[in-house]
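According to my numbering, the sequence shown is numbered sequentially starting from 142. Glycine is no exception: its CB is placed at the ideal position from the N, C-alpha and C atoms. Note that the structure is predicted; figures quoted are calculated from it, not measured. Scroll down for the structure; my scribbles are underneath it.
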Amino acid sequence: MNLSALNVFCAGILTTILFWVMTPVMASEVDLLAGIWKQSGKDIWLEIKFDQAAGTGRVIRNDKRPESVGKPLLTELTSSSDEGKVEGLMYVPQTKSRHRATLRLAGAKGMTMKVKVGFMSKTVDWLRVEDNPQPQK
């Protein structure tokens with residue numbers, strides 16, 4: 142085996158090792174977003190779940206619009222190359238279409254969701270719900 146073939150072989154092994162080492166780190170970032178979240182200042186509750194590579198977020202409570210319960214608010218959630226960032230699509234009822242959304246953890250019990258519609262964007266804060274996901278009204 143000559144020197145260049147050995148370099149290619151070592152590079153392949155190193156790439157494989159890095160892939161297996163980094164995969165759990167990326168998976169844990171999306172795992173931290175999985176769970177039940179309440180929009181700050183509003184009675185809208187969202188459950189985020191990840192199934193293999195992609196995640197969804199469904200409304201589990203909305204006091205103003207109970208007809209939205211069970212509907213997907215977030216789809217195609219995937220981990221971004223930017224650490225701590227998850228990207229996907231969010232349904233915006235005002236435009237009746239899906240728009241690019243970015244989710245980021247904000248501390249141990251917070252999340253920010255930024256949605257961009259055309260040139261405008263809006264950031265909404267969410268709080269993690271621990272023990273009692275849907276308190277009685």
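Item, Value
"Inter-residue Cα distance where the pair is D266 and D192", "24 Å"
"Beta-carbon contacts of K205 that lie in its chain and below 6 Å, excluding the five residues immediately before and after", "none"
"Buried versus exposed, by CB contacts within 10 Å (16 or more), V227", "buried"
"Whether R360 touches E188 by CB criterion (7 Å)", "The question about residue 360 has no answer here: the residues shown for the chain are numbered 142 through 278."
"Delimiting residues of the beta strand (DSSP E) encompassing D223", "D223 -> no beta strand (DSSP E), and no H or E assigned at all."
"Cβ-based burial, A168 [other Cβ within 10 Å; buried from 16]", "Residue placement at A168 cannot be trusted, given a pLDDT of 43 that sits under 50; what the coordinates show is reported in the next sentence. With fewer than 16 other Cβ atoms within 10 Å, it is exposed."
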